[in-house]
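See structure below.
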Amino acid sequence: MFTFLLVVHAIIAALLVTVILMQKSEGGGLTTGGSPSGLMSARGAADFLTRATAILATLFILMSIVLAFVAATRHSTTIDTSLQRAPAAPITSPTAAPPFAIGNATAPAAVGEPANSAAPANGAVPFAQ
Numbered sequence: 115m116f117t118f119l120l121v122v123h124a125i126i127a128a129l130l131v132t133v134i135l136m137q138k139s140e141g142g143g144l145t146t147g148g149s150p151s152g153l154m155s156a157r158g159a160a161d162f163l164t165r166a167t168a169i170l171a172t173l174f175i176l177m178s179i180v181l182a183f184v185a186a187t188r189h190s191t192t193i194d195t196s197l198q199r200a201p202a203a204p205i206t207s208p209t210a211a212p213p214f215a216i217g218n219a220t221a222p223a224a225v226g227e228p229a230n231s232a233a234p235a236n237g238a239v240p241f242a243q
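Going by this note's numbering, the residue at position 106 of the sequence shown is 220; the numbering climbs one at a time, nothing skipped.
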């Protein structure tokens, strides 16, 4: 039923746009640029496009209210899972030797020896601060 009402609502909207675009631009409307006597004349009130616009606008607003009510009271038991992401794999670190293992080249300096006392392998002098 909701889909049917939605299609009817779209048809009413398309007809409303068509009827509005078919009218002559004489001014007036919401800005009241036209003469006020033209609205109350027999020609102004009996114009087919003016009446069609009023009727279609009323139907459009009523259908909007009905669709909002139907959508709010509709109890849908299905959940759309099309955008659901797959669970991410756990992040594991690569296996590495412990930092102070026996035979590791980066063993800590002996007690009393400065931590950065080893000279670089290429014979360069480290930058002094």
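Glycine included, each C-beta is placed from N, C-alpha and C at the ideal position.
Quick one: grab the DSSP three-state call for residue i.
i, result
"L197", "coil"
"A93", "In the structure as shown, the chain starts at 115 and stops at 243, and residue 93 therefore has no counterpart that could be examined."
"S178", "helix"
"T187", "helix"
If we call anything under 8 Å between Cβ atoms a contact, is residue i one with residue j?
i, j, result
"L163", "V133", "yes"
"L181", "L135", "no"
Within the continuous alpha helix (DSSP H) that includes residue i, where are the two ends?
i, result
"T117", "F116 to M136"
Mind checking residue i: buried by the 16 CB within 10 Å criterion, or exposed?
i, result
"L197", "exposed"
"I193", "exposed"
"I126", "buried"
"L176", "exposed"
"S178", "exposed"
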